[in-house]
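Right, one structure below, let's go through it.
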Amino acid sequence: MSRIEAKARSAARLAAVQALYQLEMEQPELTTLLDEFHRHRLGREIEDVEYLDADVAFFDDVVKGVVARRDEIDAKLTERLAQGWSLSRLDKTMLQILRAGTYELLARSDIGVGTVIDEYLDVAHAFFDAREAKFVNGLLDALAKDVR
451 MSRIEAKARS AARLAAVQAL YQLEMEQPEL TTLLDEFHRH RLGREIEDVE YLDADVAFFD
511 DVVKGVVARR DEIDAKLTER LAQGWSLSRL DKTMLQILRA GTYELLARSD IGVGTVIDEY
571 LDVAHAFFDA REAKFVNGLL DALAKDVR
């Protein structure tokens, strides 16, 4: 995979987490949400911030995959949370990062475990400090051992 393709996938992952967050908070129709991202967000400039071109097919796969397998993904995450913790206690953005990462670990065996974890660590760093990023790393690493 070229550097440009890798950057396009990284951009797609970040956008997928944002789309999943919007889906969770506002509950629009999935097709409407995907269309909005395709037309207005992916590779566009918003509020003077230039968004990288994203791999649209990969973005769609992650978003649709998380939606389709949400119950399975949430069950896997719940198994790995510390006792006394539930998905509802997690920050909503954190939950979407974990769901997207879990989806890739479950469904995208063409992508290495290290790549998935590193990519979602980068996404976590976009929203959180180092402590939360370590949480993402630990949880996805533990999940990878279960599912791969």
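Heads up: take any position in the sequence shown, counting from 1, add 450, and you land on the working numbering.
Every residue gets a Cβ at the ideal spot worked out from N, C-alpha and C, and that includes glycine.
* To do: Scan the segment 505-568 and note each continuous beta strand (DSSP E) run of 3 residues or more that stays entirely inside, going in chain order.
  => none
* **Assigned exposure category for Asp505 - 16 Cβ within 10 Å defines buried** => Position 55 of the sequence shown, counted from the start, is the residue given in the question as residue 505. Counting Cβ neighbours within 10 Å, Asp505 comes out buried, since at least 16 surround it.
* Supposed close pair Leu589, Leu548 - CB separation, criterion 8 Å -> The residue labelled residue 589 in the question sits at position 139 within the sequence shown. The residue labelled residue 548 in the question sits at position 98 within the sequence shown. Contact holds; Cβ gap of about 6 Å.
* **Spatial neighbours of Leu484 in its chain, beta-carbon cut-off 7 Å, leaving aside the 5 residues before and after** => Position 34 of the sequence shown, counted from the start, is the residue given in the question as residue 484. Cβ within range, chain order: Asp510, Val513.
* Tell me where the alpha helix (DSSP H) around Arg463 begins and ends. => Mapped onto the sequence shown, residue 463 falls at position 13. It spans 453-476 - the alpha helix (DSSP H) in which Arg463 sits, taken as one unbroken run.
* Just to confirm, are Ala583 and Leu571 a CB contact at a threshold of 7 Å? -> Working through the sequence shown from its first residue, we reach residue 583 at position 133. Working through the sequence shown from its first residue, we reach residue 571 at position 121. Yes, these two residues count as a Cβ contact at 7 Å.
* Asked: Using DSSP with H/G/I as helix, E/B as strand and the rest coil, what is Glu486?
  -> Residue mapping note: residue 486 aligns to position 36 of the sequence shown, counting from 1. Helix, per DSSP.
* Whose C-alpha, out of Glu529, Gly551, Val517, is nearest the C-alpha of Leu464? -> To locate residue 464, count along the sequence shown from 1; it is residue 14. Of the listed residues, the one whose Cα sits closest to Leu464 is Gly551.
* What do you get for Lys526, buried or exposed, if any count of 16 or more other CB atoms within 10 angstroms of its CB means buried? -> For this step, residue 526 is matched to residue 76 along the sequence shown. Lys526 should be labelled buried.
* If you draw a straight line from the alpha carbon of Tyr471 to that of Glu569, how long is it in whole angstroms? -> The count along the sequence shown starts at 1 and reaches residue 471 at position 21. The count along the sequence shown starts at 1 and reaches residue 569 at position 119. Spanning the two alpha carbons is a distance of roughly 18 Å.
* Keeping to the same chain, check which residues put their C-beta closer than 7 Å to that of Ala469; ignore five residues upstream and five downstream. => As a position in the sequence shown, residue 469 is number 19, starting the count at 1. Once the five neighbours on either side are set aside, the close Cβ partners of Ala469 are Leu483, Phe487, Val513.
* Where Arg530 and Glu479 are concerned, what is the direct C-alpha to C-alpha distance, given to the nearest angstrom? -> Counted from its first residue, the sequence shown places residue 530 at position 80. Counted from its first residue, the sequence shown places residue 479 at position 29. Rounded to whole angstroms, Arg530 to Glu479 spans 30 Å at the Cα level.
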